[in-house]
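Remarks on the structure that follows.
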Amino acid sequence: MKIEVLGTGCAKCKTLYENARKALEESGKSGELVKVEDIPSIMKYGVISTPALVIDGKVMFSGKLASPAEISGMLP
Amino acid sequence: MLKSFADHIVFNLFGLIPGSRAGEALDFFIYDTLKIFLLLTTIIYVVAIIRTSFPPERTKRILAHEREYVGNVMAALLGIVTPFCSCSAVPLFIGFVESGVPLGVTFSFLISSPMVNEVALIMLWGLFGWKIALIYIATGLLVAIVSGIVIGRLKMEKYVQDYVWEMQVGNSEIKVMVWREKLEYAREYTFGLLKKIWPYVVVGVGIGAFIHGYVPQDFLAKWAGRDNPFAVPVAVALGVPLYSNAAGVIPIVQALTAKGMAIGTVLAFMMAVTALSLPEAVILSNVLKKPLLATFFGIVATAIVIVGYLFNALL
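Chains as they are written, first to last, in full-length UniProt numbering: chain A, 1 to 76; chain B, 1 to 315.
Spelled out as structure tokens, the structure:
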């Protein structure tokens with residue numbers, strides 16, 4: 001599983017990355033967590049509001065934060 | 001009710017004398033802070049629910065099918081309800097132009113979004129009354145619409161950074177929120193925003209209260225009153241380097257108005273602070289070349305100055 005946090009580096013984006021890290025840790029699932037900061041890669045997903053969460057290439061949400069528990073629920 | 005509550009605290013509990021400077025300043029501070037926070041919580045929550053229906057991806061799709069003029073009006077209106085934080089200004093700009101939203105229409109959105117929003121509405125309503133709040137919204141929309149049309153007419157597409165046009169933009173599905181998710185989002189949005197802006201409100205109202213209690217009456221009338229033709233452009237120029245939001249600026253300008261600053265000058269100052277800021281220019285320079293950036297600032301500043309003069313003449 002690959003989790004990507006898309007964001008240009010604002011405070012919200014950092015919080016989302018932290019929450020995703022916790023979600024992955026607490027769920028005990030194995031996966032790779034990446035932070036995507038460059039614009040072309042963000043745009044490739046069609047996301048125009050950050051932060052956004054992508055799991056295995058699928059955009060789960062954009063333009064909002066989610067708690068570790070919410071993110072856990074989205075993990076396959 | 002809030003007024004008598006504030007009076008009770010200041011004059012009975014603290015034993016300050018009504019009419020004294022400290023008493024009036026503190027009374028003003030407590031009353032205004034309570035009023036603003038009540039309004040903020042209620043209205044931000046309602047606006048947040050509306051916002052769940054207008055994610056930027058959807059706004060983009062709506063505007064992609066609109067021509068100029070109608071598009072500019074739609075863009076300015078959608079700027080009020082579409083949530084977007086300044087850190088996503090770059091992907092948002094690219095997404096808009098890439099999907100075929102005309103450049104001028106994109107600007108109408110970018111100008112209206114930070115300037116005309118629920119926080120500005122509430123602060124103005126709470127401190128100046130609903131008439132001024134509506135005037136601000138209406139003229140703010142007008143500035144966004146007119147500036148966007150002018151920028152569109154100037155055909156400045158070549159001054160958009162080249163890489164923007166070559167960008168590959170994917171398509172993502174927009175997930176529609178169910179009611180439970182909408183309410184949850186609105187709750188989080190409201191508390192998130194309050195957490196971010198409360199220090200500005202308290203400091204702003206504090207400074208306002210100080211001016212209210214200690215600056216002599218008509219102190220500002222002489223040099224920032226309606227008779228000074230330079231007051232408006234100077235207020236706009238002062239607003240640009242100030243990086244603040246409606247929450248911090250409005251309580252201060254309310255107190256300044258009470259001391260004789262003309263209302264048009266005040267409106268122009270607020271618009272300049274929220275719509276034209278240096279940090280925003282730095283972010284936008286990622287997607288705009290200098291001539292377009294300068295034109296954008298020039299046109300919006302001119303429109304704001306005109307609004308300032310207009311209201312100094314009318315009100």
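Don't be surprised by glycine CBs; every beta carbon is placed ideally from N, CA and C.
Within its own chain, the residues whose Cβ lies closer than 8 Å to the Cβ of Ser88(B), once the five positions on either side in sequence are excluded, are Pro56, listed in chain order.
Taking each of Ile39(A), Ala20(A) and Ala11(A) in turn and checking the Cα distance to Ser30(A), the smallest one comes out for Ala20(A). Looking from the CA of Asn171(B), the closest CA among Glu32(A), Ala69(A), Glu25(A) and Gly46(A) belongs to Gly46(A).
Looking from the CA of Lys14(A), the closest CA among Lys2(A), Thr50(A) and Ala69(A) belongs to Thr50(A). Within the segment 25-48 of chain A, those residues whose Cβ lies closer than 7 Å to any Cβ of chain B are, in chain order, Ile39, Pro40, Ile42, Met43, Lys44, Tyr45, Gly46, Val47 and Ile48. Counting only residues of its own chain and dropping the five nearest sequence neighbours on each side, Thr52(B) has a CB closer than 8 Å to the CB of Met177, Glu181, Lys182, Tyr185 and Ala186. DSSP, read as helix, strand or coil, puts Phe61(A) in strand. Here DSSP, grouped into helix, strand and coil, assigns Val169(B) to coil. Asp27(B) has its alpha-carbon roughly 45 Å from the corresponding atom of Ala52(A). The three-state secondary structure of Ile132(B), taken from DSSP, is helix. Its Cα nearest to that of Gly213(B), the residue Gln254(B) stands out among Gln254(B), Leu194(B) and Cys85(B). Membership of Glu18(A) in any beta strand (DSSP E) is not indicated; the residue belongs instead to the alpha helix (DSSP H) covering Ala11 to Ser27. Beta bridge pairing from DSSP links Ala52(A) with Leu6(A) and Ser62(A). Among the bridge pairs identified by DSSP, Lys35(A) is matched with Val5(A). If you draw a straight line from the Cα of Val307(B) to the Cα of Thr139(B), it comes to about 7 Å. Uninterrupted alpha helix (DSSP H) stretches at least 4 residues long and entirely within the segment 77-149 of chain B occur at 89-98, 103-115 and 118-128, given in chain order.
Per DSSP, the beta bridge partners of Val160(B) are Leu288(B).
If you keep only unbroken alpha helix (DSSP H) runs of at least 4 residues inside the segment 251-278 of chain B, you get 263-275.
Between Ile111(B) and Ser147(B), the C-beta spacing is below 8 Å. In the assembly as shown, Tyr163(B) is an exposed residue. Its beta-carbon has fewer than 16 other beta-carbons within 10 Å.
At a cut-off of 8 Å between beta-carbon atoms, Thr15(A) makes no contact with chain B.
In this structure Asn12(B) is exposed. Its beta-carbon is surrounded by fewer than 16 other beta-carbon atoms within 10 angstroms.
In chain order, Thr8, Ile39, Ile42, Met43, Val47, Ile48, Ser49 and Thr50 make up the part of chain A whose C-beta sits under 8 Å from the C-beta of Pro91(B). At a cut-off of 8 Å between beta carbons, Asn245(B) makes no contact with chain A. Judged by DSSP secondary structure, Pro233(B) falls within the alpha helix (DSSP H) whose first and last residues are Ala231 to Gly239. From the listed residues Val160(B), Leu278(B), Lys60(B) and Arg153(B), the smallest Cα separation to Glu68(B) is found for Arg153(B). For the pair Val287(B) and Val215(B), the Cα-to-Cα distance works out to about 44 Å. In this structure, Ser99(B) sits away from Asn72(B), with a CB-CB distance that is not shorter than 8 Å. In the displayed model, Ser67(A) falls within coil according to three-state DSSP, outside both helix and strand. By the neighbour-count definition (other C-beta atoms within 10 Å, threshold 16), Gly19(B) is an exposed residue. Judged by DSSP secondary structure, Thr33(B) falls within the alpha helix (DSSP H) whose first and last residues are Arg21 to Arg51. Assigned with DSSP and collapsed to three states, His65(B) falls in coil, not helix or strand. CA-CA distance, Gly28(A) to Met270(B), rounds to 50 Å. Judged by pairs of C-beta atoms under 8 Å, the segment 295-303 of chain B does not touch the segment 130-138 of chain B, as fewer than three such pairs exist.
Residues of the same chain with a CB within less than 6 Å of the CB of Ala120(B), apart from the 5 flanking positions on each side, are Ala246 in chain order.
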